[in-house]
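Numbering (this note's numbering), first residue to last: 323 to 611.
Here the structure comes first, spelled out in structure tokens, and everything after it is commentary.
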Ligand code: HPA
């Protein structure tokens, strides 16, 4: 896929540009059960797809060339371009649902939307996800600022010929999550009175949840949360030189911390319950960027 990545992204962008004249400046990926903000963005100002190219537009992934399809629970599968309400008119490229490695897509496929964002000139990316908490002090519903990650997926989206048009062969990963954006998130959370935890996110392939032995290993690594997304997108965004902020919604305590099984329903339900607080925080952060 790499050699023609530039042409592919140009084809995807041509379809987007036929639908809207809005120029998104921020990418926003909404994780499991966190898609509510997408609806707000799609409805802000004129109604979505009113035919006014200056208004928000919602494009199902199926209408975008080279985009995979969303198959994961709690992921709706729309690209929404529009203004974030109460953000001072910031326009975002919002993915209402993302792609995961466990869906059977390649690392290149799951990160393709990040390439499209970069080719569109987007320089700032906000990644959100649902994650299991590794710290017994965490409570389901907590929000966590991701300060760094551990790529434990067993793969890397940059393996293969380098996409020279986008970035270098060996990108630096010493500050994946931009310190200034993290500071903006902390300040915004404090002003809004929303408690914000912090920690390292460990990316795991899934789709099985982890075993208690794996969770003990990840705790010994210094990780605070585990999930099945985000790291591949962050690696590609860094390759493209983007600034990155990532936020996790801790939907459950990881396997073995409590003596109870973990279910996808619990993850989606808890993310939905935290949705209002989460949406308020993201709106505030976007405004302060
Ligand atoms: N493990 C992996 N991914 C997750 C979890 C978990 O416990 N919760 C939400 N996403």
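Ideal placement from N, C-alpha and C gives every residue a C-beta, glycine not left out.
Considering just the uninterrupted stretch of the alpha helix (DSSP H) at residue i, what are its terminal residues?
i, result
"residue 434", "434-441"
"residue 577", "Residue 577 -> no alpha helix (DSSP H), and no H or E assigned at all."
"residue 480", "Run containing residue 480: none; DSSP gives neither H nor E here."
"residue 280", "Only positions 323 to 611 of the chain appear in the structure, and residue 280 is not among them; the question remains open."
"residue 327", "327-341"
Just checking: is the beta-carbon of residue i within a distance shorter than 8 Å of some beta-carbon in chain B?
i, result
"residue 519", "Given the protein chain composition of this structure (a single chain), no chain B is represented."
Please classify residue i as buried or exposed, where buried requires at least 16 other C-beta atoms within 10 Å of its C-beta.
i, result
"residue 532", "buried"
"residue 418", "buried"
"residue 350", "buried"
"residue 354", "buried"
"residue 405", "buried"
"residue 446", "buried"
"residue 461", "exposed"
"residue 481", "exposed"
Quick one: Cα of residue i to Cα of residue j, how far?
i, j, result
"residue 540", "residue 554", "18 Å"
"residue 368", "residue 474", "Note that residue 368 scores 47 on pLDDT, short of 50, meaning its location in the model is unreliable; the coordinates nonetheless yield the value given after this. Taking the straight line joining both Cα atoms gives about 43 Å."
"residue 328", "residue 552", "23 Å"
"residue 444", "residue 550", "24 Å"
"residue 438", "residue 526", "24 Å"
"residue 517", "residue 451", "17 Å"
Is residue i helix, strand or coil by DSSP?
i, result
"residue 540", "helix"
"residue 364", "helix"
"residue 471", "strand"
"residue 552", "coil"
"residue 520", "strand"
"residue 533", "coil"
"residue 348", "strand"
"residue 418", "strand"
"residue 566", "strand"
"residue 501", "helix"
"residue 466", "strand"
"residue 401", "strand"
"residue 266", "Residue 266 falls outside the range modelled here, since the chain spans only 323 to 611, and no answer is possible."
"residue 427", "coil"
"residue 511", "helix"
The beta strand (DSSP E) that contains residue i, what's its start and end?
i, result
"residue 447", "446-455"
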